[in-house]
Every structure is written in C-alpha cells, then in structure tokens.
Amino acid sequence: MSGPDKPTARPNLPSKRADYEIGYAKPPLSTRFQRGQSGNPSGRRKGAIKKRTALPALNDERLKTIILEEAYRSISINDPNGQIDIPMAQAVVRSLAVNAAKGNQRAQRLFTELLTSVERDNKKLHDEWLKTAINYKAEWDEELARRKKFGIEAPPPLPHPDDIIIDMNTGSVRIKGPMTKEDKVRWDQLRDLKVSIKENIKEMAALLDTQPEDRDQIKAEIQHSQRV
C-alpha cells in the first residue's frame, strides 16, 4: 500500500495585491502593521494593569494637606524692588490688601474681617497663656509653702514658680529657668561652668600683681573668659 500522497505544489498565482490601490483608509503596504508586531512598542505591555491611586485612610484628611501645600507653595510676583518669591497665601492676602486700599468695598470688608479674626485669636491665646502662668505660679507657691511647713521633701517643679516672671502692666510672661528635666540638666551644667569661669577670672586677676611680665596675656585671657 502506498503512503499518503504529498500535496502538490500550488502554482504561482498572480498576487491579489499587485493591483492594490492606495487611498483613503488604504495606506501603503510598507507602512501597514505587520502581523505579530505591536503598533505601539513603547506603550503599556500586554496584560499590564493600570496602577490605581491609593485611597486615603479613614483618618487621613488629604484635602487639607493639598490645601496647605498649595497655600505655602512659592510663586514669583512683581514687586517695586523687582521680582520676589513669596508663598501663595501671602500673595493672596497682599492682593486683597492692595484692592482694599484702592477702594474696593468687597475687598475692604473681607480684609477687615480677616484682620479682626486673626487679632481676636491672638488675643485669646495671649489671655489663656497669661491666665495659665498666673494660676501655675500661685498654685505652686502655695504647694511649696505647704511642703516647707510640714517638712516634705520632694523634687521642685519645672518650671519653678520663682522662674516665672509676670509683668501685669504689659501682660507679658517670661520664664528665666529650665522648663523640662532635659533643660534642667543643661541648665545645671551651664551654671557650674559659669561658677568655674568666675573662679578662674578671680585667680587670673590675682596673677596681675604677681606676674607683671605676663600682664597683657593675662588680661586677654580674662577678657575671653568674660565673653564666654
């Protein structure tokens, strides 16, 4: 039994593309996409999934972050002295103030309301700070007096009430001592250093009489120690 017949070669037929016409929706054969070749080799690869933007967490107020970033983004503006870079928020307020000064009633009203709100908030913070300082100083003065009366040994408070200076005429509060344990360590180190420098100055001053030949050098060292 003979094997299967081999397929006979097909005769060379005239190409159907020989008379291919070039025209609308019929680009030249040389520029057409080839089978198996991507028309956008540098584009997204096959099967790739577009990455989605991560959603904010439930407690993340992303819009506020965006607003603050835009508010403090630097922009260039023209100033009488030349071009300067200022935050966006400052540029907006400056524009508002300029329009108000030019007589724009809406800008005048808005700028006045804005200024009043800022000053009111600052006054509120100042009053709260002054009240807190007064209460703190009074309560700890009373507590330290109680400890002294009953012989109670306990660490002093930080800041110490004696270090809180309140000026009732100006409403200012100034703290001239350490406020935390870490500050206390550094404060004690500086205090010890100050005492050591004073003793050193006293010793060098005594050398002025006993070592007149080194008088200029001793004076220079004393001046240096006093600056420290």
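To get the numbering used here, take the position in the sequence shown, counting from 1, and add 170.
Idealized CB from N, CA, C, for every residue including glycine.
Just so we're clear, the structure is a prediction, and the values are computed from it rather than from any experiment.
Nearest-angstrom Cα distance between R205 and K196?
Taking the Cα positions, R205 is about 17 Å away from K196.
Does the Cβ-Cβ distance between K307 and L328 come in under 8 Å?
no
When the Cα atoms are used, what is the spatial distance from P382 to A315?
53 Å
Along the chain, which unbroken stretches of the beta strand (DSSP E) at least 3 residues long are found entirely within the stretch 290-366?
334-337 and 342-345
Rounded to the nearest angstrom, what separates M374 and R317 at their Cα positions?
Looking at the two C-alpha atoms, the distance is approximately 43 Å.
Quick one: Cα of E283 to Cα of L295, how far?
18 Å
Rounded to whole angstroms, how far is the Cβ of I245 from the Cβ of M258, which I believe are closer than 8 Å?
Sure, about 6 Å apart at Cβ, within 8 Å.
Which complete beta strand (DSSP E) runs does the stretch 215-270 hold, if anything under 3 residues is left out?
Segments of the beta strand (DSSP E) lying fully in the stretch 215-270: 244-249 and 252-257.
Which residue marks the beginning of the alpha helix (DSSP H) containing D384, and which one marks its end?
D384 -> no alpha helix (DSSP H), and no H or E assigned at all.
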